[in-house]
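Trainee: First the structure, then my questions, so here it is.
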Amino acid sequence: MSTGGRTFECANCRLFKPPKEIKICSGCKTMGYCSKECQRADWKTHKPICKGAQTGAPAVARDPAIRIAERLIEDTEIMGWIDSMMIACLDLNNNLDNASKYAFVLLARADTVSKKGKGGKVEKLFQITSVRRMKIEDAPPGLIRCGEQMEAALKDPPKHPTPVNLRAVRAMWMSETSESAIVYFARHVNQPMLDFCASKRMMGPSGLPVPVTSEWLISQFNRQPHLYDDIRRKYTIKTSEEEK
2 MSTGGRTFEC
12 ANCRLFKPPK
22 EIKICSGCKT
32 MGYCSKECQR
42 ADWKTHKPIC
52 KGAQTGAPAV
62 ARDPAIRIAE
72 RLIEDTEIMG
82 WIDSMMIACL
92 DLNNNLDNAS
102 KYAFVLLARA
112 DTVSKKGKGG
122 KVEKLFQITS
132 VRRMKIEDAP
142 PGLIRCGEQM
152 EAALKDPPKH
162 PTPVNLRAVR
172 AMWMSETSES
182 AIVYFARHVN
192 QPMLDFCASK
202 RMMGPSGLPV
212 PVTSEWLISQ
222 FNRQPHLYDD
232 IRRKYTIKTS
242 EEEK
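Right, here's the structure in full:
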């Protein structure tokens with residue numbers, strides 16, 4: 002994937018690199034990698050796609066949930082929900098150091114909701130099923146590097162005063178139906194974001210407002226496409242019948 006014609010994304014670690022640092026697969030001529038290590042690490046997933054591209058056989062489709070997740074990462078409004086889940090799950094309001102101790106993991110799926118599309122296409126709706134912490138020492142190397150890039154970007158001289166408590170957080174989407182379907186990304190948090198999340202309330206068991214939990218935020222996130230047509234369009238994708 003390119004961004005503005007200036008950088009390309011490694012198909013394995015998902016880091017963006019200048020074009021000269023990305024080596025294109027000699028087999029399919031479509032996928033690019035920032036190193037031989039990344040190409041070897043991705044070979045199990047890439048092999049059927051690569052062979053299909055060379056022989057003309059249908060390629061194995063990428064996981065629908067991950068395709069939608071990659072799209073949502075670019076959406077500021079949607080990622081506001083993800084930031085709140087991240088702050089709640091990692092308990093950053095009570096322990097900001099957790100930003101460097103843990104990575105944030107989101108598990109998602111894409112459920113079939115309609116089979117009336119043209120050309121045998123089906124509509125799949127994106128849902129988050131759960132979120133959890135991952136100890137930073139257990140995080141994949143690609144995710145570590147993704148966070149390092151965000152940390153470096155945050156250290157660049159800002160054009161405006163640096164927000165208080167500015168931290169980088171490593172995060173990753175995982176598909177519920179495929180362990181190899183993963184996308185890494187990094188987010189930043191600052192004091193205004195922490196304050197906003199701390200101000201949110203849900204109804205507690207006693208009937209009184211209490212601070213929101215990541216589980217409650219997930220339930221509200223998953224309700225959005227059923228309430229708003231524009232959100233539904235963001236959460237859906239049309240795929241072939243056989244894509245899981």
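Just add 1 to the spot in the sequence shown (first one is 1) and you have the working numbering.
C-beta: ideal position from N, C-alpha, C; glycine also.
In terms of residues, what are the limits of the alpha helix (DSSP H) holding Thr77?
Mentor: Segment Thr77 to Cys90, the alpha helix (DSSP H) holding Thr77.
Trainee: If we count the other Cβ atoms within 10 Å of its Cβ and call it buried at 16 or more, is Lys125 buried or exposed?
Mentor: It is buried - the Cβ of Lys125 has at least 16 other Cβ atoms within 10 Å.
Trainee: So, under 8 Å CB-CB, Cys14 and Tyr185 are touching, yes? Tell me the CB distance rounded to an integer number of Å.
Mentor: The Cβ separation is near 7 Å, so the contact holds.
Trainee: Could you tell me if Gly148 is buried or exposed, where buried requires 16 or more neighbouring beta carbons within 10 angstroms of its beta carbon?
Mentor: Buried is the call here.
Trainee: Determine the DSSP secondary structure at Arg41, reduced to helix, strand or coil.
Mentor: Helix.
Trainee: DSSP three-state label for Lys24, please.
Mentor: Reduced to three states, the DSSP call for Lys24 is strand.
Trainee: Considering only DSSP beta bridges, list what Ala153 is partnered with.
Mentor: For Ala153, which the question treats as bridged, DSSP gives no partner whatsoever.
Trainee: Is it buried or exposed for Ser176, if we count other Cβ within 10 angstroms and need 16 for buried?
Mentor: It counts as buried.
Trainee: Could you spell out the range, first to last residue, of the beta strand (DSSP E) harbouring Ala104?
Mentor: Tyr103 to Ser115 is the extent of the beta strand (DSSP E) around Ala104.
Trainee: State the start and end residues of the unbroken alpha helix (DSSP H) segment that holds Leu93.
Mentor: Here Leu93 belongs to no alpha helix (DSSP H), and DSSP marks it neither H nor E.
Trainee: Grab me the residues of Ile79's own chain with a C-beta within less than 7 Å of its C-beta, minus the 5 sequence neighbours each way, in chain order.
Mentor: Cβ within range, chain order: Leu73 and Lys235.
Trainee: Which word fits Asp196, buried or exposed, when buried means at least 16 other C-beta atoms lie within 10 angstroms of its C-beta?
Mentor: That one is exposed.
Trainee: Where does Glu124 sit, in a helix, a strand or coil, going by DSSP?
Mentor: Three-state result, Glu124: strand.
Trainee: Could you tell me the boundaries of the beta strand (DSSP E) in which Ser215 lies?
Mentor: Premise fails: Ser215 lies in the alpha helix (DSSP H), Ser215 to Leu228, not in any beta strand (DSSP E).
Trainee: To the nearest angstrom, how far is it from the Cα of Pro164 to the Cα of Lys45?
Mentor: In a straight line, the C-alpha of Pro164 is about 42 Å away from that of Lys45.
Trainee: Expressed to the nearest angstrom, what Euclidean distance is found between the alpha-carbon atoms of Ala154 and Leu144?
Mentor: About 16 Å.
Trainee: Counting C-beta neighbours from all protein chains within 10 Å, is the total for Met204 16 or more, i.e. buried, or is it exposed?
Mentor: Exposed.
Trainee: Among residues of its own chain, excluding the 5 on either side of Arg7, which ones have a beta-carbon nearer than 6 Å to its beta-carbon?
Mentor: Bear in mind that a pLDDT of 44 at Arg7, under 50, signals an unreliable position, so the model cannot answer this.
Trainee: Rounding to the nearest angstrom, what Cα-Cα distance links Met135 and Gly28 in this structure?
Mentor: Distance between the alpha carbons of Met135 and Gly28 is about 35 Å.
Trainee: Suppose you measure from the CA of Asp43 to the CA of Cys26; what does that come to, to the nearest Å?
Mentor: So the two alpha carbons sit approximately 11 Å from each other.
Trainee: Looking only at its own chain, which residues have a Cβ that is under 8 Å from the Cβ of Lys102, when we skip the five neighbours before and after it?
Mentor: So the list reads Lys136 and Ile137, once near-sequence residues are dropped.
Trainee: Should Pro65 go down as buried or exposed, given a rule of 16 or more other Cβ atoms within 10 Å for buried?
Mentor: By the 10 Å Cβ count, Pro65 comes out buried.
Trainee: If you draw a straight line from the alpha carbon of Ala199 to that of Ala89, how long is it in whole angstroms?
Mentor: Whole-angstrom Cα-Cα distance: 9 Å.
Trainee: Which of helix, strand or coil does DSSP assign to Gly205?
Mentor: If DSSP states are grouped into helix, strand and coil, Gly205 belongs with coil.
Trainee: Who are the near neighbours of Gln225 in its chain, counting only those whose CB is closer than 6 Å to its CB and skipping five residues on each side?
Mentor: Ile232.
Trainee: I think Val132 touches Ile219, with their Cβ atoms under 8 Å apart; what is that distance to the nearest whole Å?
Mentor: Indeed they touch by this definition, with Cβ atoms about 7 Å apart.
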